[in-house]
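Engineer:
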Amino acid sequence: MTDNIPLQPVRQKKRMDSKHRGGCCECLRCCGRRDPRPRTVWLGHPEKRDQRYPRNVINNQKYNFFTFLPGVLFNQFKYFFNLYFLLLACSQFVVEMRLGALYTYWVPLGFVLAVTVIREAAEEIRCYMRDKEVNSQIYSKLTARGTVKVKSSNIQVGDLIIVEKNQRVPADMIFLRTSEKNGSCFLRTDQLDGETDWKLRLPVTCTQRLPTASDLLQIRSYVYAEEPNIDIHNFVGTFTREDSDPSVNESLSIENTLWASTVIASGTVVGVVLYTGRELRSVMNTSNPRSKIGLFDLEVNCLTKILFGALVVVSLVMVALQHFAGRWYLQIIRFLLLFSNIIPISLRVNLDMGKIVYSWVIRRDSKIPGTVVRSSTIPEQLGRISYLLTDKTGTLTQNEMVFKRLHLGTVAYGLDSMDEVQSHIFSIYTQQSQDPPAVKGLTLATKVRKTMSSRVHEAVKAIALCHNVTPVYESNGVTDQAEAERHYEDSCRVYQASSPDEVALVQWTESVGLTLVGRDQSSMQLRTPGGHILNFSILQIFPFTYESKRMGIIVRDESTGEITFYMKGADVVMAGIVQYNDWLEEECGNMAREGLRVLVVAKKSLTEEQYQDFEARYVQAKLSVHDRSLKVATVIESLEMEMELLCLTGVEDQLQADVRPTLETLRNAGIKVWMLTGDKLETATCTAKNAHLVTRTQDIHIFRLVTNRGEAHLELNAFRRKHDCALVISGDSLEVCLKYYEYEFMELACQCPAVVCCRCAPTQKAQIVRLLQERTGKLTCAVGDGGNDVSMIQEADCGVGVEGKEGKQASLAADFSITQFKHLGRLLMVHGRNSYKRSAALSQFVIHRSLCISTMQAVFSSVFYFASVPLYQGFLIIGYSTIYTMFPVFSLVLDKDVKSEVAMLYPELYKDLLKGRPLSYKTFLIWVLISIYQGSIIMYGALLLFESEFVHIVAISFTSLILTELLMVALTIQTWHWLMIVAELLSLSCYIASLVFLHEFIDVYFIATLSFLWKVTVITLVSCLPLYVLKYLRRRFSPPSYSKLTS
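If you're matching positions, the sequence shown starts at 3 in my numbering and goes up one per residue.
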């Protein structure tokens, strides 16, 4: 029935991109600067600029020196809670409204503000120091005086900057020169776009041909570049050299760029700076940090509004019972001030101090070493997460590929049997050196059933030849680079490629005896186990593309003259290319279920005539003007038929330690996990299976690529029919779905047990987080380790940065920083749960403490003809909420219902918190009723039992109140800590000791009598004993879930 429900298109909303572009432009306009526009940048001449450019500084601070105090105060007083106390304190300057000494109102408010300002200042200083570290990194700059050192923050548009291998690119640059012989360099971009593949970048041809780097300053040349924008995958510009005849013009594209936050993976490069500061691509893809306010704080704010309503009602009732006599409006204000304790100012202080304690406990936990709390205002958020959005590369995985499986159809080799592969390779080359003709005859006689050794050898040779990997030699202190390259020194060799998968395959062939030792544009050298060098000429290379999902290479064996076409690719495309077989599909499925990334390897032998015919057609197709790519693809496909299937390879991206149990814990805790990655669809799906993000029993629905509204409609209807199915969707399809069917898509996605979004731009990640918050109203937590995750981390209710080998950008921008993904389980299950439950108990107890004394004031006023006279004055009122009860009440931050081991073992305990039961209207109402009962009992008891003087009422009621509070803390505590006992005894001692100094308010001689003692004892027992009985009965007949685990 629900299969084809018509999908209603949503109104077009502004996309994240436009928000960011708009945001950037708005910022420029409001600062009196013009909109960003195209620019002409002269090489090495920053002074020749046609417009002003921003400084190259990274700034993650929320305030600056001038906005700090106004900003912090505004953030404090924009909440009803704090604004109320400010107005209350200010009212005491009016004589008619004054009820007591000014300090009784201003000291608590000043203390609250001081704590907040100091905490914010500490966080801002830490943030400033982190930014300063990044901005102070030293780089080399080419000038007319030679090479000079320059700080990252002092780099300007037009500067010629030298960036060494493994160094971060400090600004957006155009690539001019490289030290690499092949005239190109590799970039690691995972901090920018989340992709693990290294990117090949090419220098400007004209500048690469110059004899030395210093010649860049001798030529008259400039780069014309587009205006700064958010797109990290495209660039349009031109390079012009004016002093040559004729002048040189080269078009520039993304291949010629070095964006900031990427890392040079090979050689030393020289670039000219195009964009700096807030105009960097990486910065424009990062949203501004926002002050996060926890859901718990908003709920407490809501409760204080209810209390304020009660305060107004009580005050109006009191004046109404006086029949609005005299200046009744002044009486209302006096009653409002008199009952102001209904809203406790100490609530904010206690909660803020509690957050500091939780942060300290998290940092001190030896089981999650290296964890840093960067935002101490939201630890309670950790206890109520419903959606966890995680990055893949470096967060769930280590980004280290390991070769796990070689499958030949009839036999498979795993890690434990690689020595067999090694012995097969060794036997082939030993036999070859002894009896070359026999082996040659064997390899040519394809009709003869091949021996296992030759089948293994063919597979390994294909893997060793079919790739885009280049071996590079570096000096190791003993051997210099030139000598290492000449002798193919193993200790000096590193492999460079655009994909870590390919490096893993080549490293594996080296481990079994066939080593790639040399490669340039036209040839490749392999070394056999016996040290013999095999030379191959590279005739053609067909690189991997996302459309073709395969790569091919045609090589000629120099020793035999044989021409072979090797190909490897995804099983979905290779199945139609290889000869018929009955095992490929089944084994690919088996390996994929193990979370391995599967490649199918095949070959085809070509005669000289076949190759010449192909080459002629291939060259012709490449020269055609119309439909060039289609014609080229057609010619290549003419070769891709009836290829001989050699083997399947299985490579695993090593998961971080304990990722699987951590994800299982989170799932059992009721948290839905979404994986947002910039990586390829196949890779993301493999990792999702491998990490058990998608369980073995769940189906995976791969959302087809959609480009328009009609396709999105059909695909959403197809997805609607699936049940209990994980969703895998690409960033492009997601963009289309959100454009037309935002509500429907989010509704379906939220029902999925797991969602994987691949090829996600950084802004898309943040957009998904925001949509989840808006659509579900649930709390989100984002986890990432790269610069491309910063927007997502800052947008989420709770951002967690993983501090890994990819740098610290994510961990610095996050609210919490951990060293490994597995620590997230303990951070949420133990610390998040404890923080939320403790704050809930603390807040309700502080409210109870204030409501008790307000109830007593109401009873007192009503008995004494509704007079607006305070029951307790001066120090008594301040002492009650500070030295007499502060320590026991605050000691609730050390309370816990179960041990941390139990909380980790039973993550279902966390699920209870998602409903918000520890702090709800129900629990709030229960505490209000308890407060009214106890306040009434204490006040009426004191009025009934006092004999002669009014001062005796104060002594009896105040002492009973203090004892009641101390006993109620003991009633609330679930697990005693030695500090709790100290706090109880210390508070009682302070009260008894201070009685000597309180003769102004309390009759010291009366409290030493037996009459005083029995009256206080009776009142205290009547106020507390029924609650102890109720607690016992409840635990006996309706125990909470955690008590079953602790018994």
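Positions of the beta carbon are idealized from the N, C-alpha and C atoms, including for glycine. All values derive from a computational prediction rather than experimental measurement.
So is I928 buried or exposed if we call it buried at 16+ other beta carbons inside 10 Å?
Structural biologist: It counts as exposed.
Engineer: Measure the Cβ-Cβ separation of H979 and V363 and say whether it is below 8 Å.
Structural biologist: Taking 8 Å as the Cβ cut-off, H979 and V363 do not qualify as a contacting pair.
Engineer: For A227, write down the residues that DSSP places opposite it in a beta bridge.
Structural biologist: R41, G239, per the DSSP bridge assignment.
Engineer: With three or more beta-carbon pairs closer than 8 Å as the criterion, would you say the segment 374 to 382 touches the segment 144 to 153?
Structural biologist: In short, these stretches do not touch, since the Cβ pair count stays below three.
Engineer: Under a Cβ-count criterion, where at least 16 other Cβ atoms within 10 Å of its own Cβ denotes burial, should V998 be classed as buried or exposed?
Structural biologist: The residue in question, V998, is exposed, as its Cβ has fewer than 16 Cβ neighbours within 10 Å.
Engineer: If distances are taken between C-alpha atoms only, which option among L973, P38, Y1034, I855 comes closest to T961?
Structural biologist: Of the candidates L973, P38, Y1034, I855, the one whose C-alpha sits nearest the C-alpha of T961 is I855.
Engineer: Would you kindly work out how many angstroms separate the C-alpha atoms of Q612 and V621, rounded to a whole number?
Structural biologist: One C-alpha to the other measures close to 14 Å.
Engineer: Just tell me which of V802, Q811, G827, R828 has its CA closest to the CA of D817.
Structural biologist: It is V802 whose Cα lies nearest to the Cα of D817.
Engineer: Between the C-alpha atoms of K898 and Y908, what's the straight-line distance to the nearest angstrom?
Structural biologist: Rounded to whole angstroms, K898 to Y908 spans 15 Å at the Cα level.
Engineer: Pull up the distance between the alpha-carbon of L204 and that of I176, whole angstroms please.
Structural biologist: Their Cα atoms are separated by approximately 10 Å.
Engineer: Report the residue from I673, G779, I795, E805 whose alpha carbon sits nearest the alpha carbon of V757.
Structural biologist: Of the candidates I673, G779, I795, E805, the one whose C-alpha sits nearest the C-alpha of V757 is I673.
Engineer: Mapping the DSSP letters down to three states, classify N303 as helix, strand or coil.
Structural biologist: N303 falls in the helix class under three-state DSSP.
Engineer: Tell me, to the nearest whole angstrom, how far the beta carbon of S841 is from that of L349; I am working on the premise that it is less than 8 Å.
Structural biologist: No, S841 and L349 are not in contact; Cβ-Cβ is about 11 Å, not under 8 Å.
Engineer: W510: buried (16+ other C-beta within 10 angstroms of its C-beta) or exposed?
Structural biologist: With 16 or more other Cβ atoms within 10 Å, it is buried.
Engineer: Could you give the first and the last residue of the continuous beta strand (DSSP E) run that contains T392?
Structural biologist: It spans 387 to 392 - the beta strand (DSSP E) in which T392 sits, taken as one unbroken run.
Engineer: Give me the Cβ distance between I140 and K151, rounded to the nearest whole Å; I'm assuming they're in contact under 8 Å.
Structural biologist: With 8 Å as the limit, I140 and K151 qualify as a contact, their Cβ atoms being about 5 Å apart.
Engineer: What's the C-alpha gap between L973 and L1035?
Structural biologist: Whole-angstrom Cα-Cα distance: 13 Å.
Engineer: Quick one: what does DSSP say W980 is sitting in, helix, strand or coil?
Structural biologist: Of the three classes helix, strand and coil, the one that applies to W980 here is helix, per DSSP.
Engineer: I need the DSSP call for D559, collapsed to helix, strand or coil.
Structural biologist: Of the three classes helix, strand and coil, the one that applies to D559 here is strand, per DSSP.
Engineer: Buried or exposed for C92, please, with buried defined as at least 16 other CB atoms from any protein chain shown within 10 angstroms of its CB.
Structural biologist: Per the 10 Å Cβ criterion, exposed.
Engineer: Could you check whether V1024 and L932 sit closer than 8 Å to each other, using their CB atoms as the reference points?
Structural biologist: Per the sequence shown, residue 932 should be read as Ile rather than Leu. It is not a contact, given that the beta carbons lie outside the stated cut-off.
Engineer: Would you kindly work out how many angstroms separate the C-alpha atoms of K449 and A635, rounded to a whole number?
Structural biologist: A caution first: K449 carries a pLDDT of 36, below 50, which makes its placement in the model unreliable, though a value can still be read off. One C-alpha to the other measures close to 31 Å.
Engineer: Thinking C-alpha only, which one of S513, V519, V136, V505 is nearest H489?
Structural biologist: Considering only alpha carbons, the answer is V519.
Engineer: Quick one: is S500 buried, meaning 16 or more other Cβ sit within 10 Å of its Cβ, or exposed?
Structural biologist: The residue in question, S500, is buried, as its Cβ has 16 or more Cβ neighbours within 10 Å.
Engineer: Buried or exposed: where does A659 fall if 16 or more other Cβ atoms within 10 Å of its Cβ makes it buried?
Structural biologist: With fewer than 16 other Cβ atoms within 10 Å, it is exposed.
Engineer: Secondary structure at H409, three-state DSSP: helix, strand or coil?
Structural biologist: H409 falls in the strand class under three-state DSSP.
Engineer: Does the beta-carbon of S989 have 16 or more other beta-carbons within 10 angstroms, so that it is buried, or is it exposed?
Structural biologist: So S989 ends up on the buried side.
Engineer: My assumption, with CB atoms under 8 Å, is that A728 sits in contact with P755. Please give the rounded CB distance.
Structural biologist: Right, the Cβ-Cβ distance comes to about 6 Å (below 8 Å), so this counts as a contact.
Engineer: Whole angstroms is fine: what's the gap from Y1007's alpha carbon to Y1030's?
Structural biologist: Approximately 33 Å, taken between the alpha carbons.
Engineer: Out of E596, V505, Y935, Y475, which has the shortest C-alpha to C-alpha gap to C468?
Structural biologist: For C468, the nearest C-alpha among the options comes from V505.
Engineer: For the alpha helix (DSSP H) containing M111, list its first residue and its last residue.
Structural biologist: It is Leu, not Met, that sits at residue 111 in the sequence shown. Here the alpha helix (DSSP H) through L111 covers 105 to 137.
Engineer: Round the Cβ separation of F538 and M526 to the nearest angstrom and send it over; I've been treating them as touching at under 8 Å.
Structural biologist: So it is a contact: roughly 5 Å between Cβ atoms.
Engineer: Here's the rule I'm using: 16 or more other beta-carbon atoms within 10 Å means buried, otherwise exposed. How should V865 be labelled?
Structural biologist: V865 comes out exposed.
Engineer: From which residue to which residue does the beta strand (DSSP E) around P663 run?
Structural biologist: From DSSP, P663 is part of no beta strand (DSSP E) but of the alpha helix (DSSP H) over 661 to 670.
Engineer: What is the DSSP secondary structure of C92, reduced to helix, strand or coil?
Structural biologist: Of the three classes helix, strand and coil, the one that applies to C92 here is helix, per DSSP.
Engineer: Leaving out the 5 sequence neighbours to the left and right, which residues in its chain are closer than 8 Å to L332 when beta-carbon positions are compared?
Structural biologist: For L332, where only same-chain residues beyond five positions count, the Cβ hits under 8 Å are E98, M99.
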